[in-house]
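Let me begin by presenting the structure, written as structure tokens, before commenting on it.
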Amino acid sequence: MTAVGRAVLVLTIVLFVGLATIANAEEFGICGKCRNTGKVPCAKCKVEYPYFCSAARSMTCCYELGWTLCPMCKGKSYYEVAETEQNDYLGSVDSWAANQANKVENATWGKDGPNHKVIHIASKYWVLSTNMNGRDMKLKCLPWPIPRWLAVAAKAENIRKTMLDNFRFKADGHLAAHVYVERLDYVYDVFSKVYTSGAKSLDEADNTDTPADPANPDITPEEEGKIEPGPGKNPYYCWRTVSEQTAATHVLGGQTTEQPLNCFGPMSGSSHTIQYDAAGGNDDMLLHDFVHNAVHLKLEDYGKFVIDAVPQWFGEANSHWFEYTILGSVTCICWRETTGNGNMPNKGIRGSIFRMVSEKRHKPLSAFANANLAALTVANRVQSMGLVDYMFKVYPDKVAQWVSHVKDHKDQGAAFRDVLGVSMSDFDTEWAAWVLKNYKDNMQ
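Its first residue numbered 2, the sequence shown is counted upward by one per residue in my numbering.
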């Protein structure tokens with residue numbers, strides 16, 4: 002038998018067995034499509050999108066539920082239960098979407114609000130409101146294995162970790178927004194892990210090269226779950242254009258600017274950021290902006306929000322450190338209230354710090370400890386990232402306490418003394434010695 006003949010035979014057998022299984026089930030009154038649940042896995046999505054999304058109705062295949070109503074069981078009691086569940090869900094989505102629209106785009110542009118095509122997505126920790134364009138994307142700044150819904154959407158069910166750097170996929174604005182809210186949750190989880198267990202905890206992550214978790218056809222729709230809106234989530238806004246960002250910042254943040262803006266205070270009840278896609282669809286640049294700003298927001302909200310409490314050298318270096326750790330380079334700096342591209346060395350920063358210390362070009366921390374963002378030089382920022390790296394590596398269980406102390410007392414010197422057990426000047430000396438011992442000239 003030829004290879005083609007064998008292939009045809011195998012397919013015939015598989016089809017016969019499949020039809021026989023369905024027929025056998027139906028002999029006992031069990032629907033072979035839905036198993037008497039009224040729900041059939043969506044042929045396109047296969048699994049549920051996990052987040053509550055105002056644009057769910059645009060996914061006409063299944064409304065992001067991962068299942069459709071079984072066409073064979075209309076009129077059955079279990080079909081009616083599934084139909085009621087679907088209708089209740091869509092009613093909740095419509096109500097939440099209308100409420101979000103009134104708070105965001107309608108508040109900003111009035112009757113013209115719907116024309117801005119804003120999507121709102123609630124994740125575990127955030128509510129992302131955006132009208133971002135579609136883009137070419139990487140599977141970057143995401144948990145591993147890749148979440149099942151994304152592996153299916155990106156056609157990456159069988160991808161391995163070693164393949165991630167070279168994998169690209171195209172996403173429309175709706176899928177891109179879902180990817181970004183997944184990325185925001187990942188940043189939050191990395192931040193929480195470091196602040197709870199120290200930087201070394203990141204080295205303990207799963208480094209196995211198993212394929213991404215595929216859409217398992219044996220998983221029933223009931224095993225998936227939808228993350229619903231609720232209190233305590235940080236708003237995050239990303240607009241397509243400068244004019245939209247400026248208008249939204251004026252209404253939602255009480256200020257105007259033509260650059261990404263971090264806003265804090267009573268208008269939102271928590272920290273939030275309002276930015277625009279300054280790179281015009283360049284996913285790598287926008288991702289750096291998201292990581293940098295999201296870390297700023299979580300630091301400000303960590304424990305409690307206290308205005309002007311966290312030293313700006315620390316806040317900026319903290320965002321640089323996470324940006325560098327998660328993405329492998331630094332491209333963002335904060336300047337006054339804005340975030341943009343700066344002239345930080347985007348790679349080899351530890352090597353730059355080593356040379357700075359070995360050539361005795363570093364400054365005592367006291368020289369810039371109270372400087373605002375505008376006054377921090379590039380050298381100050383590079384050195385500050387080294388100081389934060391040292392704190393995470395040498396005092397892994399004390400950094401969170403140090404942040405809480407400065408929020409309570411607004412006294413850095415006291416925080417060094419009371420939490421780390423050293424004066425600020427001794428901290429400087431010990432840090433410089435640590436750099437010479439642990440960094441190298443060409444170190445990443």
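Yeah, the Cβ is synthetic: ideal placement off N, Cα and C, and Gly gets one too.
Source: prediction; values computed, not measured.
Item to check | Option nearest Thr129 by Cα separation, candidates Cys142, His175, Leu151 | outcome: Counted from its first residue, the sequence shown places residue 129 at position 128. Before going on, a small fix: residue 129 reads as Leu here, not Thr. Checked all of Cys142, His175, Leu151; the closest Cα to Leu129 is His175.
Item to check | Glu229 burial status per 10 Å Cβ neighbour count (16 or more: buried) | outcome: Working through the sequence shown from its first residue, we reach residue 229 at position 228. That one is exposed.
Checklist entry - Do you know whose CA, among Glu245, Leu253, Tyr189, Val379, lies nearest Glu317's CA? => result Taking the sequence shown and counting its residues from 1, the one referred to as residue 317 is at position 316. Nearest to Glu317 by alpha-carbon distance, out of Glu245, Leu253, Tyr189, Val379, is Val379.
Next on the checklist: Based on DSSP bridge pairs, tell me the residues matched to Lys171.
Outcome noted: Within the sequence shown, the letter at position 170 stands for residue 171. Lys171 is bridged to Asp137.
Checklist entry - Are there 16 or more other CB atoms within 10 angstroms of the CB of Glu49, so buried, or fewer, so exposed? => result For the purposes of this step, residue 49 is taken as residue 48 along the sequence shown, with counting starting at 1. Looking at its Cβ environment, which holds 16 or more other Cβ atoms inside 10 Å, Glu49 is buried.
Checklist entry - Within the chosen definition, does the segment 381 to 399 reach the segment 407 to 415 through at least 3 CB pairs nearer than 8 Å? => result Flag = no, the segment 381 to 399 and the segment 407 to 415 do not touch.
Checklist entry - Alpha carbon to alpha carbon, how far is Tyr303 from Glu431? => result Indexing the sequence shown from 1 puts residue 303 at position 302. Indexing the sequence shown from 1 puts residue 431 at position 430. Rounded to the nearest angstrom, the two C-alpha atoms are 27 Å apart.
Next on the checklist: Using only CA atoms, which one of Cys46, Asp137, Asp89 lies nearest to Asn167?
Outcome noted: Start at 1 with the first residue of the sequence shown, and residue 167 comes out as number 166. In terms of CA proximity to Asn167, Asp137 leads the group Cys46, Asp137, Asp89.
Checklist entry - Is the distance from the Cβ of Val153 to the Cβ of Cys46 below 8 Å? => result By one-based count along the sequence shown, residue 153 stands at place 152. By one-based count along the sequence shown, residue 46 stands at place 45. Yes, the pair counts as a contact, with Cβ atoms nearer than the cut-off.
Checklist entry - Using the C-alpha atoms, what's the distance from Val292 back to Ile308? => result In the sequence shown, the residue the question calls residue 308 occupies position 307. In the sequence shown, the residue the question calls residue 292 occupies position 291. Their backbone Cα atoms lie some 21 Å apart in a straight line.
Next on the checklist: So, with DSSP's three-state summary, where would you put Gln384?
Outcome noted: Along the sequence shown, read from residue 1 onward, the residue named residue 384 stands at position 383. Helix.
Checklist entry - To the nearest whole angstrom, what separates the beta carbons of Trp435 and Val395, a pair I think is in contact under 8 Å? => result Start at 1 with the first residue of the sequence shown, and residue 435 comes out as number 434. Start at 1 with the first residue of the sequence shown, and residue 395 comes out as number 394. Their Cβ separation, rounded to whole angstroms, is 7 Å, which keeps Trp435 and Val395 in contact under 8 Å.
Checklist entry - Short check: CB of Ser320 to CB of His297, under 8 Å? => result The sequence position of residue 320 within the sequence shown is 319, counting from 1. The sequence position of residue 297 within the sequence shown is 296, counting from 1. Contact: yes.
Checklist entry - Ends of the alpha helix (DSSP H) at Leu91? => result Counting from 1 along the sequence shown, the entry for residue 91 is found at position 90. Run containing Leu91: 78 to 104, per the alpha helix (DSSP H) assignment.
Checklist entry - Using the C-alpha atoms, what's the distance from Thr326 back to Arg356? => result If you number the sequence shown from 1, residue 356 lands on position 355. If you number the sequence shown from 1, residue 326 lands on position 325. The alpha-carbon atoms of Arg356 and Thr326 are separated by roughly 20 Å.
Item to check | Pairwise C-alpha distance: Arg418 and Gly329 | outcome: Residue 329 sits at position 328 when you count from the first residue of the sequence shown. Residue 418 sits at position 417 when you count from the first residue of the sequence shown. Just so you know, the alpha carbons of Gly329 and Arg418 end up roughly 33 Å apart.
Next on the checklist: Quick check on DSSP: helix, strand or coil for Leu70?
Outcome noted: On the sequence shown, residue 70 is found 69 positions in, with the first residue counted as 1. Correct three-state label for Leu70: strand.
Checklist entry - Between Asp284 and Lys118, is the Cβ-Cβ spacing less than 8 Å? => result By one-based count along the sequence shown, residue 284 stands at place 283. By one-based count along the sequence shown, residue 118 stands at place 117. For Asp284 and Lys118, no; Cβs fall outside 8 Å.
Item to check | Distance CB(Val331)-CB(Ile354) smaller than 8 Å | outcome: If you number the sequence shown from 1, residue 331 lands on position 330. If you number the sequence shown from 1, residue 354 lands on position 353. Between Val331 and Ile354, the CB-CB gap reaches or exceeds 8 Å.
Checklist entry - Do you know how far the Cα of Thr197 is from the Cα of Glu245? => result On the sequence shown, position 244 is the one that residue 245 refers to. On the sequence shown, position 196 is the one that residue 197 refers to. Glu245 and Thr197 have their C-alpha atoms some 37 Å from each other.
Item to check | Which residues DSSP lists as bridging Leu129, in chain order | outcome: By 1-based counting over the sequence shown, the position of residue 129 is 128. Leu129 is bridged to Ile122, Tyr237.
Checklist entry - Roughly how far, in whole angstroms, is the beta-carbon of Pro236 from the beta-carbon of His273, given that I think they are within contact range, below 8 Å? => result The residue given as residue 236 occupies position 235 in the sequence shown. The residue given as residue 273 occupies position 272 in the sequence shown. In this structure Pro236 is in contact with His273, their Cβ atoms being roughly 4 Å apart against a cut-off of 8 Å.
Checklist entry - Taking Cβ to Cβ, would you say Pro312 is nearer than 8 Å to Ala370? => result Taking the sequence shown and counting its residues from 1, one reaches residue 312 at position 311. Taking the sequence shown and counting its residues from 1, one reaches residue 370 at position 369. In this structure, Pro312 places its C-beta atom within 8 Å of the C-beta atom of Ala370.
Checklist entry - By the 10 Å Cβ neighbour count, where 16 or more other Cβ atoms means buried, how is Ala44 classified, buried or exposed? => result Position 43 of the sequence shown holds residue 44. Residue environment analysis places Ala44 among the exposed positions, since fewer than 16 neighbouring C-beta atoms fall within 10 angstroms of its C-beta.
Checklist entry - Exposed or buried, what is Asn100 when buried is set at 16 or more other beta-carbons lying within 10 Å of its beta-carbon? => result Stepping through the sequence shown from its first residue, residue 100 is reached at position 99. With fewer than 16 Cβ atoms within 10 Å of its Cβ, Asn100 is classed as exposed.
Next on the checklist: Quick check on Ile275: does DSSP put it in helix, strand or coil?
Outcome noted: Stepping through the sequence shown from its first residue, residue 275 is reached at position 274. Reduced to three states, the DSSP call for Ile275 is strand.
Checklist entry - Among the residues of its own chain, which have a CB less than 6 Å from the CB of Asn443, if the five just before and after it don't count? => result Residue 443 sits at position 442 when you count from the first residue of the sequence shown. When the five nearest sequence neighbours on each side are left out, the beta carbons in the same chain lying within less than 6 Å of the beta carbon of Asn443 are those of Gly352, in order along the chain.
Item to check | Cβ pair Phe170, Ala178 closer than 8 Å | outcome: The residue given as residue 170 occupies position 169 in the sequence shown. The residue given as residue 178 occupies position 177 in the sequence shown. Against a cut-off of 8 Å, the Cβ pair of Ala178 and Phe170 comes out as no contact.
Next on the checklist: Quick check: Leu91 and Trp127, are their CB atoms within less than 8 Å of each other?
Outcome noted: Stepping through the sequence shown from its first residue, residue 91 is reached at position 90. Stepping through the sequence shown from its first residue, residue 127 is reached at position 126. At least 8 Å separates the beta-carbon of Leu91 from that of Trp127.
Next on the checklist: By alpha-carbon positions, which one of Gly39, Ala56, Glu183 ends up nearest to Tyr79?
Outcome noted: Walking along the sequence shown from the start, residue 79 turns up at place 78. Per the Cα distances, Gly39.
Checklist entry - Starting from Lys364 and walking both ways along the alpha helix (DSSP H), at which residues does that stretch end? => result As a working note, residue 364 is residue 363 in the sequence shown. No alpha helix (DSSP H) holds Lys364; DSSP gives it neither H nor E.
Item to check | Own chain residues within Cβ distance below 6 Å of Thr109, not counting five before or after | outcome: In the sequence shown, the residue the question calls residue 109 occupies position 108. Once the five neighbours on either side are set aside, the close Cβ partners of Thr109 are Ala248, Ala249, Val252.
Item to check | Helix, strand or coil at Lys399 [DSSP, three-state] | outcome: The residue labelled residue 399 in the question sits at position 398 within the sequence shown. Assigned with DSSP and collapsed to three states, Lys399 falls in coil, not helix or strand.
Next on the checklist: On the DSSP letters alone, give me the boundaries of the alpha helix (DSSP H) that Val292 sits inside.
Outcome noted: Taking the sequence shown and counting its residues from 1, one reaches residue 292 at position 291. From DSSP, the alpha helix (DSSP H) with Val292 extends over 284 to 302.
Checklist entry - Which residues in the same chain as Val82 place their Cβ atom closer than 8 Å to its Cβ, once the five residues preceding and following it in sequence are excluded? => result Within the sequence shown, numbered from 1, the residue matching residue 82 stands at position 81. Excluding residues within five positions, the ones whose Cβ falls inside 8 Å are Gly39.
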